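Below is one structure, written out as structure tokens, with a few remarks after it.
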Amino acid sequence: MRRTATFLILCCGLACLGAAEKKPLPPIDPLDPSRIYMYPRPVENWLDVQIALARQAISCGSIDGVGGRQTAAGLRAFQERAGLDTTGKLDNATRAQLILTGPPFKQVTLSAEDLASLQPLSKTWLGKSQQTALAHESALELLAERTHAHPNLLKRLNPSLDWTTITPATRIHVPAIDRTAPLGQPAHLHISLSENTLEARDEVGNIIMHCPVSIARLAEKRPEGELHITVVIPNPDYTFDPDVFPESAEARELGRKLLIQPGPNNPVGVAWIGLDRPGYGIHGTPTPEQVGRTESHGCFRLANWDALTLLEIARVGLPVLVEP
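Using the numbering used here, read the sequence shown as starting at 20 and increasing by one per residue.
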């Protein structure tokens, strides 16, 4: 029987930070014949870095091959684990220990079942409540989430591919990322509000998992101190409460709660890890590219793949330390 959950929805409004238009990055040739590698080898660039870290349960968010705040935070986590200076920079000492054990890219196909599962996502809350599931909308979205990649990176890896005509025979270049297992069992989770990071640490303080996290836009809605996990639910449903979205004209007109079915495009993504403060929890998101760069109504939002990794080690009673 599928488990479901009903939440006070303090956490799922998005307030995206503005960003200037950036010049598109050039295509990437994953089979560049001029670059012959032997493995294992040290990382060479930011794309190597993000892939090598992801293989060690250190997430930089959506893999895009561009260095930034989240990649620097991931490097610091690796450097701490490796006993290096935690500079967040790709210095020689870090490069010598951050190793790619195999090629950074691979080719995959999507099954007929994968393609049949795709469906449009309603733009309204009422429309979402009438869907039987909130599945991926496109092959690009599905593969980006499955491989922890930014959609733009997949487009760069496959510049001649028409993403609207994918079939089970279509071979697609993607980052070589499989399901990431944490390196042990946690004694507690640590959330840094200033760094927008979540880490799972073992009983002696070693980092076993690291990822970016979105936090509440309003400081008064950011819980601090020691919390505890009260419930762990994979594939949750979601109760839309219009009182939590006073800025929404649709919410004001509806005037009633709605039940939203599970799926990766559910507002809380593929996992709900409830905390001992009413309405608060750690959860996934339908917009992983915005994690760490957006602000929520109060909960802690992770990319769906990071929420799934955390789901493997979360347990009722696990302490969650939230610090400024």
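Glycine residues also receive a C-beta, built at the ideal position from the N, C-alpha and C atoms. This structure is a prediction, so every number in the text was calculated from the model and none was measured.
Spatially closest choice to residue i from the options, by CA coordinates
i	options	result
Leu162	Ala112, Ala238, Ser81 and Gln149	Ser81
Pro338	Pro283, Gly300 and Gln309	Gly300
Asn323	Ala219, Val287 and Leu294	Val287
Thr193	Glu269, Asn171, Pro43 and Asp260	The question names Thr, but residue 193 is Val in the sequence shown. Minimum Cα distance to Val193 is reached at Asn171.
Arg114	Gln126, Ala131, Glu132 and Arg95	Arg95
Ser179	Asp48, Asp325 and Pro43	Asp48
Pro305	His167, Ala219 and Val62	His167
Gly86	Leu277, Lys108, His155 and Pro205	Lys108
Thr119	Pro265, Arg320 and Val68	Correcting the residue identity first, residue 119 is Leu in this sequence and not Thr. Selected option, being the one with the closest Cα: Val68.
Leu237	Asp83, Phe319 and Val335	Phe319
Lys125	Val223, Ile70 and Thr151	Ile70
Val335	His207, Leu321 and Gln309	His207
Lys174	Arg241, Ile191, Ile252 and Thr184	Ile191
Ser79	Gln138, Ser233, Pro187 and Thr151	Note on residue identity: the sequence assigns Cys, not Ser, to residue 79. That would be Ser233, whose Cα lies nearest to the Cα of Cys79.
Pro281	Phe264, Phe259, Glu269 and Ser267	Phe259
Gly146	Gly303, Glu269 and Leu321	Glu269
Ile226	Lys240, Gly203 and Val62	Gly203
Buried versus exposed, by CB contacts within 10 Å (16 or more), residue i
i	result
Met57	exposed
Arg271	exposed
Ala326	buried
Ala333	buried
Gly131	Sequence inspection shows Ala at residue 131; the Gly mentioned does not correspond to that position. Counting Cβ neighbours within 10 Å, Ala131 comes out exposed, since fewer than 16 surround it.
Pro231	buried
Arg198	exposed
Val127	exposed
Glu40	Note that Glu40 scores a pLDDT of 41, beneath 50, so its modelled location is shaky and nothing firm can be said.
Gly224	exposed
Pro45	exposed
Thr216	buried
Residue i vs residue j beta-carbon contact at 7 Å
i	j	result
Tyr257	Ile292	no
Glu218	Val341	no
Pro201	Ala101	no
Asn285	Leu153	yes
Leu129	Ala91	no
Pro343	Leu212	yes
Gln89	Gly311	yes
Asp295	Thr249	yes
Pro307	Ala195	no
Leu277	Trp182	no
Pro283	His169	no
Leu9	Gly93	This structure leaves residue 9 out entirely; the chain is present only between 20 and 343.
Leu330	Pro255	no
Backbone secondary structure at residue i - three-state DSSP
i	result
Ile70	helix
Asp325	helix
Pro194	strand
Glu243	coil
Val263	helix
Lys125	strand
Ser141	coil
Pro338	strand
Ala333	coil
Lys147	helix
Pro170	helix
Ala154	coil
Thr8	For the chain, the structure presents residues 20 to 343; residue 8 sits outside this window and is missing.
Glu164	helix
Leu176	helix
Glu314	strand
Leu159	helix
Pro343	coil
Pro307	helix
Glu40	With a pLDDT of only 41 at Glu40, under 50, the local geometry of the prediction cannot be trusted, and the value read off the model is given with reservation. In this structure, Glu40 counts as coil in the three-state DSSP scheme.
Ile28	No answer about Ile28 holds up, because its pLDDT of 42 lies below 50 and its placement is not dependable.
N- and C-terminal bounds of the alpha helix (DSSP H) containing residue i
i	result
Val100	It is worth fixing the name first, because residue 100 is Arg in this sequence and not Val. Per DSSP, Arg100 belongs to the alpha helix (DSSP H) from Arg88 to Ala101.
Thr113	Asn111 to Gln116
Glu272	Ala268 to Leu273
Ala219	Per DSSP, Ala219 belongs to no alpha helix (DSSP H); it is in the beta strand (DSSP E), Thr216 to Arg220.
Ser136	Ala131 to Ser136
Boundaries of the beta strand (DSSP E) in which residue i is found, first to last residue
i	result
Ser233	Run containing Ser233: none; DSSP gives neither H nor E here.
Ala290	Ala290 to Leu294
Gly300	Gly300 to His302
Leu208	His207 to Ser211
Ile47	No beta strand (DSSP E) holds Ile47; DSSP gives it neither H nor E.
Leu278	Leu277 to Ile279
Near the ligand ADP: residue i beta-carbon under 6 Å from a heavy atom
i	result
Gly87	In the structure shown, the ligand ADP is absent, as is every other ligand, since no ligand is present at all.
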